[in-house]
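Okay, so here's the structure we're looking at.
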Amino acid sequence: MANPGDYDFYCEEALTGKTSIKKVYESEKILAFYHTKPKYNTHIIIIPKEHIHNLLDAGPNVLGEVLEVAQKILKKIDVDSGGGRLITNLGKFQETPHLHFHIISDGNYQDIKLSSKNNPSPTQLTHKTLSQVL
Numbered sequence: 001m002a003n004p005g006d007y008d009f010y011c012e013e014a015l016t017g018k019t020s021i022k023k024v025y026e027s028e029k030i031l032a033f034y035h036t037k038p039k040y041n042t043h044i045i046i047i048p049k050e051h052i053h054n055l056l057d058a059g060p061n062v063l064g065e066v067l068e069v070a071q072k073i074l075k076k077i078d079v080d081s082g083g084g085r086l087i088t089n090l091g092k093f094q095e096t097p098h099l100h101f102h103i104i105s106d107g108n109y110q111d112i113k114l115s116s117k118n119n120p121s122p123t124q125l126t127h128k129t130l131s132q133v134l
């Protein structure tokens, strides 16, 4: 590995199962999981399963799905703690060359799970369904 920024942890480890992760949500195209080395009480990562280098390379469909998942997670966090943050980085601030978003909160949420046996897509998770899944 030449530079830390050249190694794609998400493609090489998280998506292959090489590193164990605690999933929050998984669909055919999106994966959300608890950060393996969290820096906050709640630290969740959302990634597209397709390799996309960064936000500038992402198409509207992928961004839409990622943001739908982020919104549902943040709604759960916001209800209980009063807020959270959604962050992505570019350039020298991006440590891994794979589009990813961090959801962080000072609250301690270690059991958020948006998926079910059927792994519904975010658009299928109506308000009623979401409350049943959570």
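So in UniProt numbering the end of the sequence shown lands on 134, straight run, no missing numbers.
No residue lacks a Cβ here, since even glycine has one placed at the ideal position from N, Cα and C.
Computed from a predicted model, the values in this text were never measured in an experiment.
Can you give me the C-alpha to C-alpha distance between residue i and residue j, rounded to a whole angstrom?
i: residue 6; j: residue 78; result: 34 Å
i: residue 83; j: residue 103; result: 10 Å
i: residue 75; j: residue 21; result: 22 Å
i: residue 86; j: residue 73; result: 10 Å
i: residue 35; j: residue 43; result: 6 Å
i: residue 24; j: residue 45; result: 9 Å
i: residue 67; j: residue 96; result: 19 Å
i: residue 32; j: residue 48; result: 9 Å
Assuming residue i contacts residue j under a Cβ cut-off of 8 Å, what Cβ separation, rounded to an integer in Å, is found between them?
i: residue 58; j: residue 15; result: That belief does not hold up - the Cβ atoms of residue 58 and residue 15 are roughly 17 Å apart, past 8 Å.
i: residue 70; j: residue 101; result: 6 Å
i: residue 29; j: residue 62; result: 7 Å
Residues in its own chain within less than 7 Å of residue i by CB, not counting five upstream and five downstream?
i: residue 11; result: 51 and 98
i: residue 54; result: 90, 94 and 99
i: residue 9; result: 96
Drop a sphere of 10 angstroms on the beta-carbon of residue i, count the other beta-carbons inside from all chains shown, and report buried for 16 or more, exposed for fewer.
i: residue 65; result: buried
i: residue 90; result: exposed
i: residue 60; result: exposed
i: residue 137; result: A question about residue 137 goes unanswered here, because the residues of the chain that appear run from 1 up to 134.
i: residue 17; result: exposed
Within the same chain, show all residues whose beta-carbon is closer than 6 Å to that of residue i, passing over the 5 residues directly before and after it, in chain order.
i: residue 171; result: Since the displayed the chain opens at 1 and closes at 134, residue 171 lies outside it and no answer follows.
i: residue 40; result: 104
i: residue 148; result: Nothing can be reported for residue 148: it is not among the residues displayed for the chain, which extend from 1 to 134.
query: Taking the runs of the beta strand (DSSP E) that are 3 residues or longer, which of them lie wholly in the UniProt domain "HIT" (9-114)?
result: 23-26, 30-34, 42-48, 85-87 and 101-105
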